[in-house]
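> Protein sequences, first through last, are from chains A and B.
Numbering of the first sequence is given in the UniProt record's numbering, commencing with residue 1 and proceeding in unit increments.
Numbering of the second sequence is given in the UniProt record's numbering, commencing with residue 1 and proceeding in unit increments.
Positions of the beta carbon are idealized from the N, C-alpha and C atoms, including for glycine.
Number of protein chains: 2
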Amino acid sequence: MMNQQGHPEPDSEPPPSPSSPRTPKKKVSSKLNRWSMGRALRSGAVKIDRPTHRTDNNNDAPSRQVTTNEEADRKTSAIDSDDVAGKSIYMLSDGTGWTAEHSVNAALGQFEDPLVNRGFPVNTHLFSWVEDEEKLLEIIKQAAKQKAMCFYTLANPSMSKSAKEACDQLGVLSVDILGPIIQGIASHLGVSPSGLTRGAAGRLKTLNDAYFKRIEAIEFTIKQDDGTLPENLGKADIILVGVSRTGKTPLSTYIAQKGYKVANVPFVMGVEPPKTLFEVEPRRVFGLKIQLVVLQAIRRTRAKTLGVDTVGENRYSGFDLVRKELDFASKIYAKNPGWAVIDVTNKAIEETAAVILRLYHDGSDSSTSVPCISKRF
Amino acid sequence: MMNQQGHPEPDSEPPPSPSSPRTPKKKVSSKLNRWSMGRALRSGAVKIDRPTHRTDNNNDAPSRQVTTNEEADRKTSAIDSDDVAGKSIYMLSDGTGWTAEHSVNAALGQFEDPLVNRGFPVNTHLFSWVEDEEKLLEIIKQAAKQKAMCFYTLANPSMSKSAKEACDQLGVLSVDILGPIIQGIASHLGVSPSGLTRGAAGRLKTLNDAYFKRIEAIEFTIKQDDGTLPENLGKADIILVGVSRTGKTPLSTYIAQKGYKVANVPFVMGVEPPKTLFEVEPRRVFGLKIQLVVLQAIRRTRAKTLGVDTVGENRYSGFDLVRKELDFASKIYAKNPGWAVIDVTNKAIEETAAVILRLYHDGSDSSTSVPCISKRF
Numbered sequence: 001m002m003n004q005q006g007h008p009e010p011d012s013e014p015p016p017s018p019s020s021p022r023t024p025k026k027k028v029s030s031k032l033n034r035w036s037m038g039r040a041l042r043s044g045a046v047k048i049d050r051p052t053h054r055t056d057n058n059n060d061a062p063s064r065q066v067t068t069n070e071e072a073d074r075k076t077s078a079i080d081s082d083d084v085a086g087k088s089i090y091m092l093s094d095g096t097g098w099t100a101e102h103s104v105n106a107a108l109g110q111f112e113d114p115l116v117n118r119g120f121p122v123n124t125h126l127f128s129w130v131e132d133e134e135k136l137l138e139i140i141k142q143a144a145k146q147k148a149m150c151f152y153t154l155a156n157p158s159m160s161k162s163a164k165e166a167c168d169q170l171g172v173l174s175v176d177i178l179g180p181i182i183q184g185i186a187s188h189l190g191v192s193p194s195g196l197t198r199g200a201a202g203r204l205k206t207l208n209d210a211y212f213k214r215i216e217a218i219e220f221t222i223k224q225d226d227g228t229l230p231e232n233l234g235k236a237d238i239i240l241v242g243v244s245r246t247g248k249t250p251l252s253t254y255i256a257q258k259g260y261k262v263a264n265v266p267f268v269m270g271v272e273p274p275k276t277l278f279e280v281e282p283r284r285v286f287g288l289k290i291q292l293v294v295l296q297a298i299r300r301t302r303a304k305t306l307g308v309d310t311v312g313e314n315r316y317s318g319f320d321l322v323r324k325e326l327d328f329a330s331k332i333y334a335k336n337p338g339w340a341v342i343d344v345t346n347k348a349i350e351e352t353a354a355v356i357l358r359l360y361h362d363g364s365d366s367s368t369s370v371p372c373i374s375k376r377f
Numbered sequence: 001m002m003n004q005q006g007h008p009e010p011d012s013e014p015p016p017s018p019s020s021p022r023t024p025k026k027k028v029s030s031k032l033n034r035w036s037m038g039r040a041l042r043s044g045a046v047k048i049d050r051p052t053h054r055t056d057n058n059n060d061a062p063s064r065q066v067t068t069n070e071e072a073d074r075k076t077s078a079i080d081s082d083d084v085a086g087k088s089i090y091m092l093s094d095g096t097g098w099t100a101e102h103s104v105n106a107a108l109g110q111f112e113d114p115l116v117n118r119g120f121p122v123n124t125h126l127f128s129w130v131e132d133e134e135k136l137l138e139i140i141k142q143a144a145k146q147k148a149m150c151f152y153t154l155a156n157p158s159m160s161k162s163a164k165e166a167c168d169q170l171g172v173l174s175v176d177i178l179g180p181i182i183q184g185i186a187s188h189l190g191v192s193p194s195g196l197t198r199g200a201a202g203r204l205k206t207l208n209d210a211y212f213k214r215i216e217a218i219e220f221t222i223k224q225d226d227g228t229l230p231e232n233l234g235k236a237d238i239i240l241v242g243v244s245r246t247g248k249t250p251l252s253t254y255i256a257q258k259g260y261k262v263a264n265v266p267f268v269m270g271v272e273p274p275k276t277l278f279e280v281e282p283r284r285v286f287g288l289k290i291q292l293v294v295l296q297a298i299r300r301t302r303a304k305t306l307g308v309d310t311v312g313e314n315r316y317s318g319f320d321l322v323r324k325e326l327d328f329a330s331k332i333y334a335k336n337p338g339w340a341v342i343d344v345t346n347k348a349i350e351e352t353a354a355v356i357l358r359l360y361h362d363g364s365d366s367s368t369s370v371p372c373i374s375k376r377f
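1. Let me make sure I understand the geometry here. Which of N336(B), Y333(B), F111(B) and T305(B) has the alpha-carbon closest to that of I215(A)?
2. Could you give the distance in angstroms between the alpha-carbon of I89(A) and the alpha-carbon of L173(A)?
3. For the stretch 101-118 of chain A, enumerate the residues whose C-beta is nearer than 9 Å to any C-beta of chain B, in chain order.
4. Compute the beta-carbon to beta-carbon distance between N264(A) and D225(A), rounded to the nearest angstrom, for a pair I have assumed lies under 8 Å.
5. According to DSSP, is T345(A) helix, strand or coil?
6. Could you give the distance in angstroms between the alpha-carbon of P114(B) and the alpha-carbon of V191(A)?
7. Can you check which of these residues, A329(A), L126(A) and A85(A), is closest to V370(B) by C-alpha distance?
8. Tell me the DSSP secondary structure of R376(A) in three-state form.
9. Sort T197(A), N123(A) and K141(A) by Cα distance to M159(A) and report the nearest one.
10. Closer than 8 Å, Cβ to any Cβ of chain B: which residues of the stretch 239-271 of chain A, in chain order?
11. From the beta carbon of M159(A), is the nearest beta carbon of chain B less than 8 Å away?
12. Entirely within the stretch 220-252 of chain A and at least 3 residues each: give me those beta strand (DSSP E) ranges in chain order.
13. For the beta strand (DSSP E) containing N123(A), list its first residue and its last residue.
14. Can at least three beta-carbon pairs, one atom from the stretch 280-294 of chain A and one from the stretch 340-349 of chain A, be found at a separation below 8 Å?
15. Count the CB pairs spanning the stretch 255-264 of chain B and the stretch 258-273 of chain A that are closer than 8 Å, and state whether there are at least three.
16. Quick check on the burial criterion: 16 or more other C-beta atoms within 10 angstroms. Buried or exposed for residue 387(A)?
17. DSSP has T153(A) in a bridge; who is on the other side?
18. What would DSSP say about D320(A), mapped onto helix, strand or coil?
19. Taking the alpha-carbon of P163(B) as reference, which of I182(B), P180(B) and K141(B) has the nearest alpha-carbon?
20. Nearest CA to the CA of Q296(A): which residue from Y316(A), L288(A) and T228(A)?
21. Spatial neighbours of I238(A) within its chain, please: CB distance less than 7 Å, with the 5 preceding and 5 following residues excluded, ordered by chain position.
22. If you compare alpha carbons, which of I332(A), K258(A) and G86(A) is closest to V271(A)?
23. Thinking C-alpha only, which one of A106(B), G97(B), F111(B) and G247(B) is nearest S187(A)?
24. L229(A): which of F328(A), Y211(A), P273(A) and T345(A) sits nearest, CA to CA?
25. So, F151(A) versus I182(A), is the Cβ gap smaller than 8 Å?
26. Is there a C-beta anywhere in chain B that falls below 8 Å from the one on E216(A)?
27. Measuring CB to CB, does V308(A) end up less than 8 Å from G247(A)?
28. Check this for me: beta carbons of P193(A) and I349(A), under 8 Å apart or not?
29. Cutting at 6 Å between CB atoms, please list the residues of its own chain near I290(B), excluding the five before and the five after it.
30. What is the rounded straight-line gap between the Cα of I95(A) and the Cα of S103(B)?
31. Using the beta-carbon of each residue, which ones in chain B are nearer than 9 Å to A331(A)?
32. Drop a sphere of 10 angstroms on the beta-carbon of K347(A), count the other beta-carbons inside from all chains shown, and report buried for 16 or more, exposed for fewer.
33. Got a sec, what are the start and stop residues for the alpha helix (DSSP H) S192(B) sits in?
34. Checking 8 Å against the spacing of the C-beta atoms, do G171(A) and V122(A) come in under that value?
35. Does P266(B) come out as helix, strand or coil in the three-state DSSP assignment?
36. Consider the Cβ of I222(B): report whether some Cβ of chain A lies at a distance smaller than 8 Å.
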């Protein structure tokens with residue numbers, strides 16, 4: 001159902017092709033036909049129409065619950081050979097599952113060559129809020145049928161024990177992602193883990209200060225995007241500067257997710273940057289630079305996306321202009337030696353963010369000698 | 001150096017207090033004084049002024065490189081008893097380190113009680129781009145001195161072997177986060193991992209389609225924030241609706257990071273939502289609801305942050321008005337049974353995002369019977 005999308009971006013969550021989840025809407029898909037048929041066959045047993053998704057009457061997880069027997073029936077009819085082309089990876093979590101997804105995506109970065117060059121697709125399936133044993137076993141049985149492997153992050157020790165036993169019994173290769181980390185921390189701190197999932201009654205559920213600060217940072221960052229409100233630059237934790245298409249906006253929102261207020265100021269040739277930029281502490285300002293040919297290629301792609309005509313395109317991605325703009329930015333950087341300048345050429349957003357945050361935290365921590373990002377919980 | 005910030009948000013990256021990284025700027029801090037002193041003492045040996053951070057002449061990682069001996073000197077003088085109050089956790093990576101950070105933060109969610117109630121701080125230190133053995137050993141030695149534990153994600157097998165050996169020798173508790181996952185995938189796929197870090201010469205470095213789609217999604221989402229450009233709603237993958245302070249904006253940017261175009265439309269009492277909202281496929285629209293008292297509390301916090309006066313605050317967070325606004329939203333939801341309605345009360349951004357994405361992908365995949373998010377690599 002998902003289309004091929006090149007290789008995964010290591011250390012990041014590879015975005016799905018935005019159009020892919022909607023494939024079932026394309027009435028021509030043969031896969032859809034099979035799916036629809038299966039759905040029609042099962043329709044007497046299970047109501048899976050949209051309105052049943054409503055979580056109004058429920059508390060946490062989506063309310064689409066059907067009995068295990070019904071699901072088992074659906075399952076059998078739902079599996080066909082086409083769907084298991086390539087290898088499948090199952091990720092199970094009693095929470096959101098983002099930890100499993102993040103770790104597995106990072107690990108998949110080690111297999112770029114077979115994934116890209118051999119046309120050997122890997123299908124990942126993320127199951128969230130697997131909170132009871134029945135559901136757990138059902139998913140593992142399905143994994144066995146598909147010859148998938150299983151990664152799991154389960155807070156409840158009895159659930160993770162069950163997962164391991166079921167996988168071993170059914171010959172499903174499995175890895176407990178969170179278990180060893182939790183055990184390590186428990187030994188180190190000398191306290192036992194709670195064993196509670198986030199939704200559990202015993203877990204703290206109040207939104208804390210950190211939550212509000214993070215939301216504030218995101219809102220600040222969005223309002224401040226693209227040089228708006230230069231009078232607020234002083235309130236930003238981090239200020240990104242650079243010419244168009246150096247990735248200031250996506251980088252800003254990524255860093256904001258981590259709780260930092262980020263502003264960005266575009267450098268447009270011939271336009272003086274706002275005076276306030278030169279009044280903030282230089283250590284907060286990060287200049288983005290990029291290789292000429294790469295920037296030109298990115299701009300050409302951008303112009304195509306926007307459907308700009310050739311004249312407009314040349315104005316934006318012409319070699320000469322791009323070079324002049326980069327020179328313009330370089331000169332400003334040279335005049336501000338206190339700013340860190342980061343080369344973003346071919347860097348993933350996560351990588352540039354890591355460089356910036358390390359520099360930002362650098363010197364703020366006396367307990368370690370090598371540059372690092374330190375936090376206290 | 002970091003201040004206490006309640007308990008970590010499980011399954012999410014707990015944002016540092018935005019003010020904390022700047023603590024060294026507070027000239028009154030006794031810690032700063034120690035740090036400054038240490039810095040002054042070391043100043044003959046190592047130049048750590050800002051301009052050395054520049055990466056202009058370099059390629060990937062920040063250029064703040066000093067020799068190991070110099071660092072060892074700095075290290076010795078830099079460690080003092082105060083800095084190791086509480087327990088330390090080291091995270092080492094030959095990449096960004098976000099995988100280690102994400103996993104460790106999720107695991108720390110299992111220790112909320114001791115962290116919150118016992119005033120027992122845990123300090124995490126994230127070391128990125130640990131690319132040579134010397135640096136690796138230096139950090140582990142430092143961990144041993146601080147009685148820290150080590151988590152590592154190292155793509156190069158010889159590096160991760162060295163890490164394990166050094167930790168064992170020095171009595172440092174250590175956990176290899178990525179190793180077991182990579183090994184599992186290697187067995188499953190029947191191919192060997194590349195062993196290459198992202199920065200390595202053999203790794204693919206071109207920005208792929210997925211990268212551009214993700215950037216496009218983020219830019220779309222920001223432009224579309226807060227109901228702007230209702231004529232573009234049809235182009236969104238996901239549309240969030242709800243009254244003020246239900247978290248539409250932070251949720252939008254989080255989902256956009258995963259490559260989906262998200263629009264959000266605020267419901268303001270007495271104002272008709274844009275007509276285009278009712279023209280898009282209902283399955284793309286997600287209504288956010290929240291408990292009355294919780295919303296009221298959030299709004300009160302918000303009004304304080306904004307410095308709104310009492311009259312303004314009452315208008316925004318008054319019990320009666322908040323109730324009426326929620327009723328107004330409920331009525332619109334009732335009229336649109338095809339929309340999924342999500343209760344966001346006390347949910348972390350990551351949790352609501354997981355609910356939405358699971359519903360969004362639901363039914364788009366015939367290979368599994370339990371709702372899940374599937375992707376193909």
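Working from what's here:
1. T305(B)
2. 10 Å
3. E101, H102, S103, V104, N105, A106, A107, L108, G109, Q110, F111, E112, D113, P114, L115, V116 and R118
4. 6 Å
5. coil
6. 8 Å
7. L126(A)
8. strand
9. T197(A)
10. G247, T249, P250, T253, Y254, A256, Q257, K258, G259, Y260 and K261
11. no
12. 238-242
13. V122 to F127
14. yes
15. no
16. Any question about residue 387(A) goes unanswered here, given that chain A covers just 1 to 377.
17. S93(A)
18. helix
19. Per the sequence shown, the amino acid found at residue 163(B) is Ala instead of Pro. Of the listed residues, the one whose Cα sits closest to A163(B) is K141(B).
20. Y316(A)
21. I255, Y260, V262, R284, F286, I356 and Y360
22. I332(A)
23. F111(B)
24. P273(A)
25. no
26. yes
27. no
28. no
29. T246, V344 and T345
30. Per the sequence shown, the amino acid found at residue 95(A) is Gly instead of Ile. The alpha-carbon atoms of G95(A) and S103(B) are separated by roughly 13 Å.
31. Here the sequence assigns Lys to residue 331(A), which means Ala is not the residue at that position. Per Cβ cutoff of 9 Å: no residues; K331(A) is ~13 Å from chain B at best.
32. buried
33. S192(B) -> no alpha helix (DSSP H), and no H or E assigned at all.
34. no
35. strand
36. yes
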